[in-house]
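Number of protein chains: 2
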Amino acid sequence: MEVKLPTFDSVFSIDCVIFGFEAGELKILLIERNEEPFKDWLALPGYIVEQDESIDDAAERILYELTGLRDLHMQQFHTFGEVKRHPQGRVITVAYYALIRINGQKEVKPVTQYAKSAFWHPVNDLPKLAFDHSEIFNTGFNKIRRRLNYQPIAFELLPEKFTLTQLQSLYEAVLNKKLDKRNFRKKMLSYGFLKELDEKQKGVSYRAAKLYKFDRRKYAKIFQNELNLVQ
Amino acid sequence: MEVKLPTFDSVFSIDCVIFGFEAGELKILLIERNEEPFKDWLALPGYIVEQDESIDDAAERILYELTGLRDLHMQQFHTFGEVKRHPQGRVITVAYYALIRINGQKEVKPVTQYAKSAFWHPVNDLPKLAFDHSEIFNTGFNKIRRRLNYQPIAFELLPEKFTLTQLQSLYEAVLNKKLDKRNFRKKMLSYGFLKELDEKQKGVSYRAAKLYKFDRRKYAKIFQNELNLVQ
DNA sequence: ATTTAATGGTGTAATTTCGACACCTTATAT
DNA sequence: ATATAAGGTGTCGAAATTACACCATTAAAT
Chain A
122 MEVKLPTFDS VFSIDCVIFG FEAGELKILL IERNEEPFKD WLALPGYIVE
172 QDESIDDAAE RILYELTGLR DLHMQQFHTF GEVKRHPQGR VITVAYYALI
222 RINGQKEVKP VTQYAKSAFW HPVNDLPKLA FDHSEIFNTG FNKIRRRLNY
272 QPIAFELLPE KFTLTQLQSL YEAVLNKKLD KRNFRKKMLS YGFLKELDEK
322 QKGVSYRAAK LYKFDRRKYA KIFQNELNLV Q
Chain B
122 MEVKLPTFDS VFSIDCVIFG FEAGELKILL IERNEEPFKD WLALPGYIVE
172 QDESIDDAAE RILYELTGLR DLHMQQFHTF GEVKRHPQGR VITVAYYALI
222 RINGQKEVKP VTQYAKSAFW HPVNDLPKLA FDHSEIFNTG FNKIRRRLNY
272 QPIAFELLPE KFTLTQLQSL YEAVLNKKLD KRNFRKKMLS YGFLKELDEK
322 QKGVSYRAAK LYKFDRRKYA KIFQNELNLV Q
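For the record, the sequence lines run as chains A and B.
Going by our numbering, the first sequence opens with residue 122, and the numbers climb by one from there.
Going by our numbering, the second sequence opens with residue 122, and the numbers climb by one from there.
Encoded structure:
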């Protein structure tokens, strides 16, 4: 049985591609839709912008309502405006991304009923998503893959204290290629924005690695703008 | 006397930052507005997206109507969605840029009455623009400045046949720094996508320079993606 | 015919960066 | 004590980058 739904005119919406890194894998946040169209499908967290909020504010609000996550540093990356991208009417959507630390984050959980659930899903094995969300994801993934090379975004995905091996495996996951351990360490340390801590990794059944911290102040001092972080 | 104007609800618009290069200077296309608000102000070419056209199509149409230019390769670069950015209501605008050859282009001239005139203006000396168009311009300028380093966009701004000095002065104008002549030539030629022609510059009162052409095919063969074009 | 003015066009050497490559060390579990 | 698993480290050749200065060519002016 098909449900007949009202159509509407011009609407702005926001869709979010939220990246996280866990167990050596890059993941994104998906929701299970609880509304037509595409009820029960998996989708990117997204919803409609209100009249009296900026799109940046809307992005924060919508992500919170659908996942319970707050205060992420979201960044707009592309606007999708094909006429038929939404079956019910003209919806132009501004896509945002954010990078977050999965560990230490409480469980993600929708606050509204528009979504049944929210969860992390590896980027390597994504199902078909609602609307044009697969395309939105691909565009966003390409953006951060490139940005990884000239902006220090990796550190937003790692815990505050991390090992060089973790950092390297994050680069390898995003760029999808193996990097040389010695060259990677040499280069990363040469920038001078990694602060070596007096602490070591805990709870591993092998030699514990030194922990490092990203020193945002030093980074800002060294580079006004940006740099080539890898090869 | 103040004119009272109707307000409206959610509206999408497009604004265009069209770059050109002439007489060693980088320029953009401005229009003189013929409508409230900001009647008589200078502004970026821009207007409202129709219900039944994609934003990419709208960008092409609007640019044509306001400047008479057609078939440019326009690219979206950012969406501006502050609540108060338009005095009459909620207008979210998607900004596009394009790079074009000014020479050989017929004079730019609006086709509709929304604009009184359209003309090229050097980027170094821009007046205050209507709405948030100064901010839109700055964002766009930063984008192409970065893109110049890894994509062959310079050739869209130059005539089809150009000298190495012209190419260099374009890079200098966009990056706003002096480059070394010998190193610049060495590097550009080393890529292998510049085709040396059997022709020379004409009409100059000094030694004529060799002309070159950008070989798009070779470029595509050599680089699947992109590269660092300068230092 | 000669000179002047303006830009065209070219090479080398020192330095830095990149990339390939392998082994010993340390901590834990058994 | 031994096995296991990852941590951590240096060198050398190749390639890329940077700094740097002078002669050549053309047209215009004299």
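All C-beta atoms in this analysis are idealised placements derived from N, C-alpha and C, irrespective of residue type, glycine included.
Close-in-space but distant-in-sequence residues of the same chain around residue i (CB under 7 angstroms, 5 per side omitted)
i	result
residue 232(A)	185, 186, 189
residue 172(B)	none
residue 235(A)	155, 156, 168, 187
residue 329(A)	321, 322, 323
residue 240(B)	151, 229
residue 248(A)	163
residue 135(A)	167, 168, 170, 176, 179, 180, 183, 214, 215, 217
residue 313(A)	339, 343
residue 261(B)	138, 198, 216, 218
residue 124(B)	Below a pLDDT of 50, predicted positions are generally treated as unreliable, and residue 124(B), at 46, falls in that range; no measurement from the model is reported.
Residues that residue i bridges to, as DSSP identifies them
i	result
residue 196(A)	218(A)
residue 138(B)	218(B)
residue 164(A)	152(A)
residue 184(B)	Answer by DSSP bridge pairing: none, since residue 184(B) is not bridged.
residue 333(A)	283(A), 317(A)
residue 344(A)	Per DSSP, none; premise fails for residue 344(A).
residue 147(A)	142(A)
residue 201(A)	214(A)
residue 169(A)	134(A)
Amino acids of chain B, ordered along the chain, whose beta-carbon sits closer than 7 angstroms to that of residue i
i	result
residue 133(A)	131, 213
residue 141(A)	The premise fails here: residue 141(A) is roughly 25 angstroms from chain B at the closest Cβ pair, so nothing lies under 7 angstroms.
residue 234(A)	The contacting residues do not exist; residue 234(A) stays about 24 angstroms from chain B at best.
residue 272(A)	Chain B residues near residue 272(A): none, gap ~11 angstroms exceeds 7 angstroms.
Pick from the options that is closest to residue i, judged by C-alpha positions
i	options	result
residue 201(A)	191(A), 344(A), 330(A), 212(A)	212(A)
residue 282(B)	215(B), 176(B), 318(B), 204(B)	318(B)
residue 111(A)	315(A), 286(A), 133(A)	Since the first residue of chain A shown is 122 and the last is 352, residue 111(A) is not available in this structure.
residue 158(A)	307(A), 174(A), 206(A), 309(A)	206(A)
residue 257(A)	203(A), 192(A), 224(A), 325(A)	203(A)
residue 174(B)	131(A), 147(A), 160(A), 326(A)	131(A)
residue 147(B)	251(B), 299(B), 279(B), 310(B)	279(B)
residue 139(B)	194(B), 145(B), 153(B)	194(B)
residue 251(B)	237(B), 153(B), 325(B)	153(B)
residue 243(A)	133(A), 137(A), 141(A)	141(A)
residue 221(B)	260(B), 307(B), 196(B)	196(B)
residue 238(A)	165(A), 273(A), 133(A)	165(A)
residue 259(A)	149(A), 325(A), 143(A)	149(A)
residue 224(A)	326(A), 325(A), 143(A), 273(A)	143(A)
residue 341(B)	253(B), 273(B), 298(B), 133(B)	273(B)
Residue i beta carbon near the ligand FMN (any heavy atom closer than 7 angstroms)
i	result
residue 142(A)	In the structure on display, the ligand FMN does not appear, and there are no ligands present to speak of.
Chain B residues whose Cβ lies nearer than 8 angstroms to that of residue i
i	result
residue 295(A)	Chain B residues near residue 295(A): none, gap ~16 angstroms exceeds 8 angstroms.
residue 209(A)	Residues of chain B passing the Cβ test: none, with the nearest at roughly 14 angstroms.
Chain A contact residues for residue i, given Cβ-Cβ distances below 7 angstroms
i	result
residue 175(B)	202, 203, 204
residue 242(B)	Result: empty, since nearest Cβ-Cβ is about 27 angstroms, beyond 7 angstroms.
residue 322(B)	Those within 7 angstroms of residue 322(B) in chain A number zero; the least Cβ separation is about 36 angstroms.
Interface partners of residue i on chain A, CB under 8 angstroms
i	result
residue 197(B)	199, 200
residue 287(B)	Going along chain A, no residue has its Cβ under 8 angstroms from residue 287(B), so there is no contact; the nearest lies around 27 angstroms.
Same chain, Cβ closer than 6 angstroms to residue i, five either side skipped, listed in chain order
i	result
residue 264(B)	198
residue 335(B)	276
residue 266(B)	295
residue 305(A)	289
residue 337(A)	none
residue 191(B)	185
residue 122(B)	Legend: pLDDT at residue 122(B) = 44, less than 50; position of this residue unreliable, no value from coordinates given.
Other residues of its chain near residue i: CB distance less than 8 angstroms, five sequence neighbours each side excluded
i	result
residue 127(A)	Caution is warranted here: a pLDDT of 49 is assigned to residue 127(A), below 50, making its placement in the model unreliable, and the coordinate value is therefore given only provisionally. So the qualifying residues of the chain are 209.
residue 333(A)	282, 283, 284, 285, 288, 315, 316, 317, 318
residue 245(B)	146, 147
Contiguous beta strand (DSSP E) assignments of at least 3 residues, all confined to the region 222-296 of chain A: Entirely contained in the region 222-296 of chain A, the beta strand (DSSP E) runs reaching 3 residues are, in chain order, 236-243.
If we require 3 or more residues per run, which beta strand (DSSP E) segments fall completely within the region 303-330 of chain A? 315-321
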